[in-house]
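A.B. asks:
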Amino acid sequence: VSGDGARPVEVAPGVWELPRRGAMRVPGRIFASAPLLEEIDERVREQISNVASLPGIVGASMAMPDAHWGYGFPIGGVAAFDPDRGGVVSAGGVGFDISCGVRTYATGLRASELGSRLETIAHDLYRTVPAGVGAGGALTLRLDELDALLIEGARWAVARGFGSEEELSRIEEGGVAEGARPEKVSRRARERQLHEVGSLGSGNHYLELQEVDRVFDERLASAFGVSGGDLLLSIHCGSRGLGHQIGAEFMEKLPRLAPRFGISLPDRELACAPIRSPEGEDYLGAMRAAINCALANRQVIGGLARRVFARHAPEAEWALVYDVSHNTCKLEEHEVGGEPRRLYVHRKGATRSFGPGHPDLPAAYREAGQPVLVGGTMGTASYILAGTKEAERLAFGSSCHGAGRKMSRTQAKNTWQGGELIRELGARGIVVKAHTKKGAAEEAPGAYKDVDEVAAAAETAGLSRRVARVRPLAVIKG
Amino acid sequence: VRWEHFEHGADVGLRGIGSTPSEAFEGAAAALCALVSGGASGVRPEREEEIACDAPDPESLLVRFLNEVIYRMSAHRMVYGEFAASVTEPSGGGDWTLRARIRGEPFDAERHEPTVEPKGATFMLARVETGPSGEWICQCVVDV
């Protein structure tokens, strides 16, 4: 499928349609403001069209406001497949960093109370939470200890003293992905994880101390337990080596089987298998084990951060706001044409955004809707949004996941110099602790789209409502 | 060994260049390891390992080879600096094969000055071909 010449048509405010053509089984749907649409270029539109050609796709092949060029699916891509109509599960629709996501804690402290302790806490977090290439993890496991982690997810970490039981209800699916099949996780994937449990990784992953600098909706903010001036702690990371290896293995294997499945792949990176096939089931079982790995990882890091606060700010009262995963495929019930259907929803660089009343939400958020945590850049802002009924109707309950990259890593490295960037941010009151300066340059705020624009576009399109904007005070980077 | 990185959004493209497919593959592996050993101090060839892989087409062979190196870097916490590869085209059907010796040392964050961690090699923009001047070029995008 070539995207040449197809211009998206605005069908509702902030909602654009790419008409069905060629091998597309459904139309494409892009959620964006006019300026963001300009950044969702021909290459992204081609990837949207390619996804639309996959068997069993339902409704539309979608892109969130922060979408950018990926491999196979675009980053910011959402697609749902019906197992009863030949639907597929795609390893390329999840990506390498399975269940990468964002977790945000309220600390019960006001940012202004911190004073000089900000620097101390940031430094201790930098020393305590393993980050960066080859840093190792907080825990080292034996091969035979991994199975329990892969089945129990965040619960595994809580049982080992990282965080508390009540946090589990504030994690998608209660902190445990059902249907994980550790026996489908290769030895190599396990080996890559043994010394990485409780580690941030590198690239765009981070740990941040943040201040709520603007509240858009007092009622929702209060439901989420945050108010203006609050000090929050956020973690952005994923399933580490185990997820990466599972992704690599299935992305290599599945395309070779496509002819046997009678699937014509316009792009090899769409790497998929019918949901109802042994290979599709194997991938789902392994991928769910990787989701649990990511949930355990974020739970361990949260527990480590809590210990740091116990040393320097023992008056902190921790409450998990929420934990979202933005690289996943999940079995969910959605209404399509008035009928409830069980669909496999892929979100690759997209966040769940369930609206008020959704049965999967914890009781505390049943009225408000789901907290949608959007990770921004180290110099601008992140957002807390709330899921909507409209998102469920328009986008299988999905919204944006971040600012979305607009400049390549090479360009960023050539434009900014790491040390200088860290000094500039320091002058603006943002403490940056980076394990590599070049890595920091690649993550320069200017390399990303305008996160304010992304959050506003998601609201205009109806995917989520803005609850609070948070700005970084201290950033720990790999 | 000739190699370069090329731009690809949030990820990184790797390109190896050589007078033979073997040299080009060596370059691609060097480009991969340069992500985690960007420093001028270099990588000491303390330990030698052997890699053998086969694939039905040269692009798959490249992705498989790079994923093999990524796995070793990640699971064994190694970094490599010297690569001797031998890539064989199938004669009359069969698979492409690669035999390589790679040399390196345990990863040291202080000395190796990494930028990003490679997660896996993709088929995105994967190519193994001869360029206009007859040189072999092999490339693909690596998720970081």
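Listed in order, the protein sequences are those of chains A and B.
635 is the number of the first residue of the first sequence in my numbering; add one for each residue after it.
104 is the number of the first residue of the second sequence in my numbering; add one for each residue after it.
For each residue, glycine too, the CB sits at the ideal point set by N, CA and C.
1) If distances are taken between C-alpha atoms only, which option among R204/B, G207/B, K222/B, E208/B comes closest to I732/A?
2) By the criterion of Cβ-Cβ separation under 8 Å, what are the contact partners of R167/B in chain A?
3) Could you tell me which residues DSSP pairs with E153/B in its beta bridges?
4) What's the gap between the Cα of A953/A and the Cα of Y840/A?
5) Spatial neighbours of W106/B within its chain, please: CB distance less than 6 Å, with the 5 preceding and 5 following residues excluded, ordered by chain position.
6) Measure the alpha-carbon distance for R663/A versus P974/A and round it to whole angstroms.
7) Use the C-beta contact count for G637/A: other C-beta atoms within 10 angstroms, 16 or more gives buried, fewer gives exposed.
8) Against E825/A, what residues of chain B qualify as contacts under a CB-to-CB distance less than 9 Å, listed in chain order?
9) What residue range does the beta strand (DSSP E) around I240/B cover?
10) Report the partner residues of V190/B according to the DSSP bridge assignment.
11) Rounded to whole angstroms, how far is the Cβ of L777/A from the Cβ of A923/A, which I believe are closer than 8 Å?
12) List the residues of chain B that D731/A touches, going by C-beta distances under 7 Å, in chain order.
13) Of all the alpha helix (DSSP H) runs that stay within the bounds of the segment 1049-1097 of chain A, which reach a length of 4 or more residues?
14) Enumerated in chain order, which unbroken segments of the beta strand (DSSP E) with a length of 3 residues or greater are wholly contained in the segment 948-1008 of chain A?
15) Between F128/B and chain A, is there a C-beta pair that is closer than 8 Å?
16) Between the alpha carbons of V635/A and R902/A, how many angstroms are there, rounded?
17) To the nearest angstrom, how far is it from the Cα of K982/A to the Cα of V244/B?
18) Using 8 Å as the Cβ pair cut-off and three pairs as the minimum, do the segment 804-814 of chain A and the segment 852-863 of chain A touch?
19) I want to verify the contact list: residues of chain A whose CB lies under 7 Å from the CB of V244/B, in sequence order.
20) Using 8 Å as the threshold, is the C-beta distance between A905/A and F884/A below it?
21) Using a Cβ cut-off of 8 Å, pull out every chain B residue sitting near Q879/A, in sequence order please.
22) By how many angstroms is the C-alpha of R175/B removed from the C-alpha of E192/B?
23) Count the other C-beta atoms from every protein chain shown that fall within 10 angstroms of the C-beta of G766/A, then say buried if there are 16 or more, exposed otherwise.
24) I need the boundaries of the alpha helix (DSSP H) containing A713/A, first residue and last residue.
25) Can you look up V104/B in the DSSP assignment and give me helix, strand or coil?
26) Tell me which same chain residues have a C-beta within less than 7 Å of the C-beta of H108/B, skipping the five on either side of it?
27) Closer than 8 Å, Cβ to any Cβ of chain A: which residues of the segment 151-166 of chain B, in chain order?
28) For the pair the segment 1031-1039 of chain A and the segment 984-1000 of chain A, tell me if three or more CB-CB distances fall below 8 Å.
29) List the DSSP bridge partners of Q844/A.
30) For T123/B, count neighbouring Cβ atoms within 10 angstroms of its own Cβ and tell me buried if that reaches 16, exposed if not.
31) How about T218/B: is its C-beta nearer than 8 Å to some C-beta of chain A?
32) Under a three-way DSSP split, which group does P816/A fall into?
33) Helix, strand or coil for C734/A? Go by DSSP, reduced to three states.
34) Rounded to whole angstroms, how far is the Cβ of F665/A from the Cβ of G648/A, which I believe are closer than 8 Å?
35) Helix or strand or just coil, what does DSSP make of M1012/A?
C.D. replies: Well, looking at it:
1) K222/B
2) E886
3) R204/B
4) Between the C-alpha atoms of A953/A and Y840/A there is a straight-line separation of about 19 Å.
5) The answer, listed in chain order, is G119, G130, A133, A134.
6) 21 Å
7) Reliability of the predicted coordinates at G637/A is poor, the pLDDT of 43 falling under 50, and the value obtained from them is presented with this limitation in mind. Buried, because 16 or more other Cβ atoms sit within 10 Å of the Cβ of G637/A.
8) Y174, S177, A178, H179
9) 239-246
10) L201/B
11) Contact flag wrong, Cβ pair sits at about 14 Å.
12) K222
13) 1052-1061, 1071-1076, 1085-1095
14) 953-959, 961-970, 973-982, 1005-1008
15) No, its Cβ sits nowhere closer than 8 Å to a Cβ of chain A.
16) Summary for V635/A: the model assigns pLDDT 40, below 50, so the residue's position carries little reliability, and this model does not support an answer.
17) 17 Å
18) no
19) Y705
20) Yes, the Cβ-Cβ distance between A905/A and F884/A is below 8 Å.
21) Within chain B, the residues near Q879/A are Y174, S177, G223.
22) Cα to Cα, the separation comes out at about 25 Å.
23) buried
24) Looking at the DSSP string, A713/A is not in any alpha helix (DSSP H); the run it does join, the beta strand (DSSP E), is 707-715.
25) For V104/B, the secondary structure class from DSSP, reduced to helix, strand or coil, is coil.
26) Apart from sequence neighbours up to five positions away, the residues of its chain that approach H108/B with a beta-carbon distance below 7 Å are V115, G116, L117, A134, ordered along the chain.
27) Taking a C-beta cut-off of 8 Å against chain A, the contacting residues of the segment 151-166 of chain B are P159, S163, V166, listed in chain order.
28) yes
29) L866/A, P1106/A
30) exposed
31) Yes, contact with chain A.
32) helix
33) coil
34) 6 Å
35) coil
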